[in-house]
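With this note's numbering applied, the sequence shown covers 4 to 179.
By construction, the Cβ of each residue, glycine as well, lies at the ideal position given by its N, Cα and C atoms.
Here the structure is laid out as structure tokens; the discussion comes afterwards.
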Amino acid sequence: MKKITDNLALLYSAVELRQRVEELGSIISKKYENKDPIFIDVLNGSFIFMADLLRSISIECEMDFIKVRSYSGQKSSGTIQLLKDVSADVKDRNIILVEDIVDTGLTIKFLRKRLFGSSPKSIAVATLLYKPSVAKIDFDIDYIGFEIPQEYVVGYGLDYEQKLRHLDSLYCIKVN
Ligand code: IMP
Numbered sequence: 004m005k006k007i008t009d010n011l012a013l014l015y016s017a018v019e020l021r022q023r024v025e026e027l028g029s030i031i032s033k034k035y036e037n038k039d040p041i042f043i044d045v046l047n048g049s050f051i052f053m054a055d056l057l058r059s060i061s062i063e064c065e066m067d068f069i070k071v072r073s074y075s076g077q078k079s080s081g082t083i084q085l086l087k088d089v090s091a092d093v094k095d096r097n098i099i100l101v102e103d104i105v106d107t108g109l110t111i112k113f114l115r116k117r118l119f120g121s122s123p124k125s126i127a128v129a130t131l132l133y134k135p136s137v138a139k140i141d142f143d144i145d146y147i148g149f150e151i152p153q154e155y156v157v158g159y160g161l162d163y164e165q166k167l168r169h170l171d172s173l174y175c176i177k178v179n
């Protein structure tokens, strides 16, 4: 019987991911020196990226989590549901929103708008992956790990129907 893992094609290895995340950590650390940033992790998909990114940060910082749902299967549902809000007071803070992937851009648009409502000093976005051919956004993504083609990807925190998040590399998945 065919297993779901038979449908995977390697996109970035664990070593390539680690190198790029360390580069991002170093760039962000330089930029946010003495700015006491707060990293906000967008659950669930970015939990591994966030853990690795934070361990590459060499300046003082804080962190928090926010959780939304937008996808079912391989399709964006087109609506965003807030499942868990941030706990920290982000007024006058320098926020770095940490996303696994910007696909249509709906999620990041929703989160920026919502967090701007709490009067932070600034909001930047760090995403591991960016699908430029799909994203419809009218603002810049500040930190991008990799630009990728319009493929569905899994591993390194990203799921297919809640599975495959545990894989340490990133794969394209073909189902059907
Ligand atoms: P967007 O709102 O369309 O930008 O999608 C954002 C969310 O959809 C991401 O945070 C992911 O959780 C999920 N997502 C989008 N594309 C993929 C993919 O290729 N693999 C796994 N999850 C994805």
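Comparing alpha carbon positions, the residue from 99, 88, 150 and 71 closest to residue 60 is 99. No heavy atom of the ligand IMP is found nearer than 7 angstroms to the CB of residue 164. A direct Cα-Cα distance of roughly 35 angstroms separates residue 90 from residue 14. Within the model, the alpha-carbon separation for residue 116 versus residue 131 is close to 20 angstroms. Beta-bridge analysis with DSSP links residue 126 to 98. A straight-line Cα-Cα distance of about 9 angstroms links residue 142 and residue 112. Residue burial is scored here from C-beta neighbours: residue 119 has fewer than 16 other C-beta atoms within 10 angstroms and is therefore classed as exposed.
Distance from the CA of residue 52 to the CA of residue 31, rounded to the nearest whole angstrom, comes to 14 angstroms.
Here residue 4 carries a coil assignment [DSSP, helix/strand/coil]. In this chain, residue 151 is not harboured by any alpha helix (DSSP H), its DSSP state being neither H nor E.
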